[in-house]
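Enquirer: Can you keep this structure in mind? I'll have questions shortly.
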Amino acid sequence: MRLLLPLSLLALLSACSQHPSQTIKSEIEPQADSTEITQVSFDETQFREDIKTLSSDEFEGRAPTTRGEKLTLDHLTQAFKAMGLTGANQGEYLQAVPMVSYTASDAQAVNLAGLKLKYREDIVLGSRHDNGGVDIKDAPLVFVGYGINAPEYDWNDYQDIDMTGKIAVMLVNDPGFARPESGLFNGRAMTYYGRWDYKYLEASRQGALGAIIIHDTAPASYPWSVVENSWTGAQQDLVQSKETQAERVQVEGWITLNAATELFDRAGISLKNLSDRAANSPVNLPLKQNADIQFANKAEYANSYNVVATLPGVESADEHILFTAHWDHIGVDESRSEDKIYNGALDNASGTAGILAIARQFAKQAKAGNPSKRSLTFIATTGEEQGLLGSRHYAANPIYPIDKSVAVFNLDSTNIYGRTSDYTIIGKGKSELEQYLIAALKPQNRVAVAERRPESGGFFRSDHFSFAQKGVPAVFAGGGSQPVDEPTREYKAKMKEIMKGCYHNTCDEYRDDWDLSGALEDIAVYYHAAEMLANNVDWPGYYRGTEFHSLRAAKSDESAVTAKLED
147 MRLLLPLSLL ALLSACSQHP SQTIKSEIEP QADSTEITQV SFDETQFRED IKTLSSDEFE
207 GRAPTTRGEK LTLDHLTQAF KAMGLTGANQ GEYLQAVPMV SYTASDAQAV NLAGLKLKYR
267 EDIVLGSRHD NGGVDIKDAP LVFVGYGINA PEYDWNDYQD IDMTGKIAVM LVNDPGFARP
327 ESGLFNGRAM TYYGRWDYKY LEASRQGALG AIIIHDTAPA SYPWSVVENS WTGAQQDLVQ
387 SKETQAERVQ VEGWITLNAA TELFDRAGIS LKNLSDRAAN SPVNLPLKQN ADIQFANKAE
447 YANSYNVVAT LPGVESADEH ILFTAHWDHI GVDESRSEDK IYNGALDNAS GTAGILAIAR
507 QFAKQAKAGN PSKRSLTFIA TTGEEQGLLG SRHYAANPIY PIDKSVAVFN LDSTNIYGRT
567 SDYTIIGKGK SELEQYLIAA LKPQNRVAVA ERRPESGGFF RSDHFSFAQK GVPAVFAGGG
627 SQPVDEPTRE YKAKMKEIMK GCYHNTCDEY RDDWDLSGAL EDIAVYYHAA EMLANNVDWP
687 GYYRGTEFHS LRAAKSDESA VTAKLED
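Here the sequence shown is numbered in the numbering used here, starting from 147 and rising by one per residue.
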């Protein structure tokens with residue numbers, strides 16, 4: 147099995163992931179020995195207590211390699227141990243994840259085309275190098291469209307240009323967002339080519355000295371405050387070989403749309419006109435302006451940890467169904483004058499509390515004499531906020547073989563807005579695993595729907611993606627957009643206003659008035675879907691035309707679809 151999909155293949159197949167045939171296939175029932183669903187209830191008081199504890203000020207925002215991590219690991223380990231789950235790592239609950247933290251100085255001297263930019267206010271830059279700092283002088287600036295090299299789309303923004311010693315300036319997202327009617331890429335649904343991590347890596351492959359993304363709220367799917375809060379302070383990464391690290395751009399970051407517009411004006415170019423051109427065809431254009439960038443940069447090395455606990459199966463114990471949720475958040479920002487702690491209650495104390503609730507229920511069933519045939523493994527990952535670090539490390543260094551990992555159910559920010567009549571599957575139409583969710587929805591009289599904003603690239607932004615890249619069917623689902631009744635609709639509108647702007651901000655704190663009934667229903671869907679899969683011999687796969695079909699193919703084929711249509 148290949149360890150990583152080539153990016154060109156990844157985006158090519160992503161463009162096909164919503165092919166109409168997948169909608170037909172989504173109606174095929176899961177191959178389960180029984181679809182009978184055992185009725186269970188989840189302890190809301192315990193669920194709330196876990197969210198409240200993990201997101202308390204005492205846990206200091208749960209940043210990796212901090213005191214907050216130690217408290218978090220202790221809480222999770224004790225919880226899994228109390229349930230009777232075993233430590234997956236030769237009896238231990240922790241899996242070390244070697245990390246390096248890069249901290250760029252707040253005192254940054256940034257001069258682009260004679261324009262002196264203010265750190266945080268206009269630009270945020272960093273460096274993933276252990277060399278003491280960045281000292282760039284007179285580096286040519288080059289606009290490279292969306293910064294994409296995708297042969298399968300006949301698209302190369304770096305065509306015929308040598309980027310050695312130059313700084314690439316590029317747009318966020320991909321051309322499909324700007325021109326959804328054009329058929330380019332995947333329309334408004336972001337491909338991996340639209341993600342910031344791809345753009346920095348591609349600029350590195352092109353030999354660029356630096357890479358700067360122009361932030362724009364709509365195509366980025368988040369405001370500048372998220373960049374300011376998430377990309378300042380210590381930036382963590384997995385420890386890389388010296389050879390791999392040497393290939394990385396020296397400086398990378400974001401610039402506001404306003405500052406970028408002024409930068410292009412100084413070059414005598416309309417950013418808007420050039421952006422329109424970049425959405426229609428590949429483009430690169432030297433701005434005939436230079437950059438001077440200086441700041442100190444510190445690198446510190448330390449292990450962070452995934453927490454991995456297993457409830458062994460009684461028949462096929464070597465086959466594992468995985469649950470993932472990231473325990474980490476952003477930590478503490480001492481530069482803030484008021485609230486300094488990013489508590490991360492919704493993101494993702496709620497998801498971590500969710501896998502604890504599911505683990506407790508499976509453990510309770512096992513103690514009552516109803517154990518699962520397959521093993522169930524729960525992974526609370528580290529470093530998701532810094533680029534899926536913990537899940538990437540586990541997927542590359544699995545405690546249990548990847549080819550024995552049946553499926554992944556990922557929880558990230560559960561539903562705090564009350565019960566819904568629908569249920570959102572991010573990237574709907576990718577794998578047969580989704581059919582287990584659909585079957586589990588039936589007792590709740592809910593329907594599965596695709597996400598409303600596929601342009602945000604949600605499928606590529608959470609821990610399940612690390613496993614999907616290895617071919618393991620993985621789902622990221624929950625919540626919905628349709629409240630079950632008018633009181634819930636009114637509550638949701640009120641709570642949405644309260645939580646506005648709290649993503650990756652200090653106001654993401656636990657509230658006693660959260661309506662968690664919808665979250666508990668969503669957790670039940672995951673539980674029952676996994677219960678069915680854990681007690682049969684099915685191996686779900688990815689549908690033809692999706693990114694990961696070649697890694698683990700779906701069993702259903704066109705003949706099965708034809709038969710379904712003829713019924």
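For glycine and all other residues, C-beta sits at the position ideal for the given N, C-alpha and C. Bear in mind that the values here come from a model prediction, so they are computed numbers and not experimental data.
Take I307 and list the residues in its own chain whose beta-carbon comes closer than 6 Å to its own, dropping the five residues that flank it on each side.
Expert: N430
Enquirer: What do you get for N591, buried or exposed, if any count of 16 or more other CB atoms within 10 angstroms of its CB means buried?
Expert: exposed
Enquirer: Are I504 and I669 touching if we call contact CB-CB under 8 Å?
Expert: yes
Enquirer: Which residues does DSSP list as the beta-bridge partners of R520?
Expert: S462
Enquirer: With DSSP collapsed to three states, give me the class of F331.
Expert: coil
Enquirer: Taking the alpha-carbon of I294 as reference, which of L317, L666, A620 has the nearest alpha-carbon?
Expert: Nearest of L317, L666, A620 to I294, Cα basis: L317.
Enquirer: If contact is defined by three or more beta carbon pairs under 8 Å, each pair taking one atom from either stretch, is the segment 616 to 626 in contact with the segment 447 to 455?
Expert: no
Enquirer: Please give me, in chain order, every unbroken run of the alpha helix (DSSP H) with length at least 4 that falls completely inside the segment 370 to 427.
Expert: The segment 370 to 427 contains these whole alpha helix (DSSP H) runs: 370 to 376, 388 to 392, 403 to 412, 417 to 426.
Enquirer: Within the continuous alpha helix (DSSP H) that includes A253, where are the two ends?
Expert: Run containing A253: none; DSSP gives neither H nor E here.
Enquirer: Check whether the segment 497 to 514 and the segment 464 to 474 are in contact - that is, three or more C-beta pairs closer than 8 Å.
Expert: yes
Enquirer: Does the contact criterion of 3 or more C-beta pairs under 8 Å hold for the segment 682 to 699 versus the segment 591 to 600?
Expert: no
Enquirer: Could you work out which residue in I269, D438, Y546 is closest to A406 when comparing CA atoms only?
Expert: I269
Enquirer: Y569: buried (16+ other C-beta within 10 angstroms of its C-beta) or exposed?
Expert: buried
Enquirer: Using the Cβ count rule (16 or more neighbours within 10 Å means buried), how would you classify S387?
Expert: exposed
Enquirer: Report the three-state DSSP secondary structure of G207 (helix, strand or coil).
Expert: helix
Enquirer: Just to confirm before moving on: does the CB-CB distance between F613 and A541 stay below 8 Å?
Expert: yes
Enquirer: Give me the Cα-Cα distance between Q254 and D549, rounded to the nearest whole angstrom.
Expert: Rounded to the nearest angstrom, the two C-alpha atoms are 47 Å apart.
Enquirer: Could you please give the first and the last residue of the uninterrupted beta strand (DSSP E) stretch that includes P432?
Expert: 431 to 457
Enquirer: So for Y688, helix, strand or coil by DSSP?
Expert: strand
Enquirer: Select from A392, E693, A448, D284 the residue whose C-alpha is nearest the C-alpha of T528.
Expert: Among A392, E693, A448, D284, the Cα nearest to that of T528 is on A448.
Enquirer: Buried or exposed, going by whether 16 or more other CB atoms sit within 10 Å of the CB of S172?
Expert: Low per-residue confidence applies at S172: pLDDT is 34, beneath 50, and the placement is therefore not dependable, though the value from the model is reported in the following sentence. Burial call: buried.
Enquirer: Between the C-alpha atoms of I562 and S350, what's the straight-line distance to the nearest angstrom?
Expert: 40 Å
Enquirer: Measure how close the beta-carbons of D252 and Y265 come, nearest whole angstrom, since I'm counting them as under 8 Å.
Expert: Distance from D252 to Y265 at the Cβ level is roughly 6 Å; contact confirmed, criterion being Cβ atoms closer than 8 Å.
Enquirer: Our contact map puts T337 next to Y488 with C-beta atoms below 8 Å; I'd like the distance itself, whole angstroms only.
Expert: About 29 Å; that fails the 8 Å criterion.
Enquirer: Determine whether the beta carbon atoms of Y304 and F331 lie at a separation below 8 Å.
Expert: Not in contact: Y304 and F331 (Cβ atoms no closer than 8 Å).
Enquirer: Where do the N-terminal and C-terminal ends of the alpha helix (DSSP H) with M316 fall, by residue?
Expert: Looking at the DSSP string, M316 is not in any alpha helix (DSSP H); the run it does join, the beta strand (DSSP E), is 313 to 317.
Enquirer: Under a three-way DSSP split, which group does S696 fall into?
Expert: coil
Enquirer: Considering only residues of the same chain and omitting the five flanking positions on each side of E446, which have a CB-CB separation below 6 Å?
Expert: S247
Enquirer: Please state whether the Cβ-Cβ distance between L679 and A553 is less than 8 Å.
Expert: yes
Enquirer: Return the CA-CA distance between I415 and V315, expressed in angstroms with no decimal places.
Expert: Computed Cα separation, rounded: 14 Å.
Enquirer: Counting only the same chain and skipping the five closest in sequence on each side, list residues whose C-beta sits under 7 Å from that of T169.
Expert: For T169, the predicted structure reports a pLDDT of 30, less than 50, and the residue's modelled location is therefore unreliable. The matter cannot be settled from this model.
Enquirer: Take S167 and list the residues in its own chain whose beta-carbon comes closer than 6 Å to its own, dropping the five residues that flank it on each side.
Expert: For S167, the predicted structure reports a pLDDT of 29, less than 50, and the residue's modelled location is therefore unreliable. A value from the coordinates is still provided. Around S167: no qualifying Cβ.
Enquirer: Going by Cα to Cα distance, which pick from L355, A425, R412 is closest to R394?
Expert: L355
Enquirer: Helix, strand or coil: how does DSSP classify W473 here?
Expert: When DSSP states are grouped into helix, strand and coil, W473 belongs to the coil group.
Enquirer: Is the separation between the beta-carbon of L222 and that of A526 shorter than 8 Å?
Expert: yes
Enquirer: Which residues does DSSP pair with A670 in a beta bridge?
Expert: DSSP lists no partner for A670.
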